[in-house]
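> Numbering (the working numbering), first residue to last: 1 to 171.
Okay, here's the structure, questions in a sec.
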Amino acid sequence: MARDIVIWPHKVLNSPTKPVTDFGPSLQKLLEEMAESMKEAEGIGIAANQVGESLRVALVSREDGTSFEIVNPRLLEKKEPVSLEEGCLSVPREWEKCPRFHKVKVRFQDRAGEWHELEAEGRLAHILQHEIDHLDGHVFVEHLSSLKRTLILDRMKKYQKAKVRHEKREG
Ligand code: CO
């Protein structure tokens, strides 16, 4: 079942996640729920802390619509600074330019615990940086000016209030 997406600001989004040590059924279940949550929210990536689980695991979508998991990922290299427009399921309806890198090299485990190394560029490199940031306890708004961040913070408070009102009405 899809889980609710945690909206920024929230402590779980601003705390570094715990490394995954148990590759048992609970991880498989979490990955399924993350995939459903990402699909429902029409996202292209999702980190476990965005569904309230402080664990170092995220899902990253490929251009063909399939996705893969990155467990305990580490960014090994980043090359060619770029500025890219970015959004986030935890910061709905906000899009801002963010400093990122065109190329990255990452190391991560899959759901079975096998290690992989991946060199990525463009869209995939961008999503990897965004999701690994989440797992380190960072949201993209932290890359923005304090003025922009304050404006977004105000809009998120209003968004949360409207959401709570809506949920009460729906029962
Ligand atoms: Co995000």
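Beta carbons are placed, not taken as given, at the ideal position from N, Cα and C, and that holds for glycine.
As the structure is a prediction and not an experimental result, all values here were calculated from the model.
On a CA-only basis, which of 64, 53 and 66 is nearest residue 27? Give me that one, please.
For the purposes of this step, residue 27 is taken as the residue at position 27 of the sequence shown. The option with the nearest alpha carbon to residue 27 is 53.
> For residue 89, verify whether its CB is less than 7 Å away from any heavy atom of the ligand PLP.
The ligand content of the structure shown is limited to the ligand CO, which means the ligand PLP is not among them.
> Do you know whose CA, among 97, 111, 134 and 121, lies nearest residue 148's CA?
Within the sequence shown, residue 148 is the residue found at index 148, counting from 1. Cα-wise, what sits closest to residue 148 is 97.
> Assuming residue 41 is part of the alpha helix (DSSP H), what are its boundary residues?
What you label residue 41 is simply residue 41 of the sequence shown in a count that begins at 1. Note, residue 41: premise wrong, no alpha helix (DSSP H); not H, not E.
> Should residue 115 go down as buried or exposed, given a rule of 16 or more other Cβ atoms within 10 Å for buried?
Counted from its first residue, the sequence shown places residue 115 at position 115. Answer is exposed; the Cβ neighbour count stays below 16.
> For residue 85, which residues in the same chain have their Cβ closer than 6 Å to its Cβ, ignoring the five residues on either side in sequence?
Here the question's residue 85 lines up with position 85 in the sequence shown. Hits under 6 Å: 95 and 97.
> Going by C-alpha distance, which of 118, 88, 91 and 87 is nearest residue 71?
The residue given as residue 71 occupies position 71 in the sequence shown. The shortest C-alpha separation from residue 71 is found at 118.
> Any heavy atom of the ligand CO closer than 7 Å to the beta-carbon of residue 130?
As a first step, residue 130 is located in the sequence shown; it is residue number 130 there, counting from the start. For the ligand CO, at least one heavy atom lies less than 7 Å from the Cβ of residue 130.
> Any heavy atom of the ligand CO closer than 7 Å to the Cβ of residue 134?
Position 134 of the sequence shown holds residue 134. Yes, the ligand CO has a heavy atom inside 7 Å of this Cβ.
> Below 8 Å on the Cβ atoms is my contact criterion, and I expect residue 18 with residue 56 to pass it. Report the Cβ-Cβ distance as a whole number of Å.
If you number the sequence shown from 1, residue 18 lands on position 18. If you number the sequence shown from 1, residue 56 lands on position 56. Going by Cβ atoms, the distance from residue 18 to residue 56 rounds to 6 Å, so yes, they are a contact pair.
> Start and end of the beta strand (DSSP E) containing residue 129?
Working through the sequence shown from its first residue, we reach residue 129 at position 129. It is not in any beta strand (DSSP E) - residue 129 instead sits in the alpha helix (DSSP H) that spans 122-135.
> Is the beta carbon of residue 125 closer than 8 Å to that of residue 91?
Locating residue 91 in the sequence shown gives position 91, counting from the first residue. Locating residue 125 in the sequence shown gives position 125, counting from the first residue. No. Outside cutoff.
> Determine whether the beta carbon atoms of residue 108 and residue 129 lie at a separation below 8 Å.
The sequence position of residue 108 within the sequence shown is 108, counting from 1. The sequence position of residue 129 within the sequence shown is 129, counting from 1. No; because the gap between Cβ atoms is not below 8 Å, this pair is not in contact.
> Give me the residue from 123, 67 and 79 with the minimum Cα distance to residue 87.
If you number the sequence shown from 1, residue 87 lands on position 87. When only C-alpha atoms are compared, the closest one is 123.
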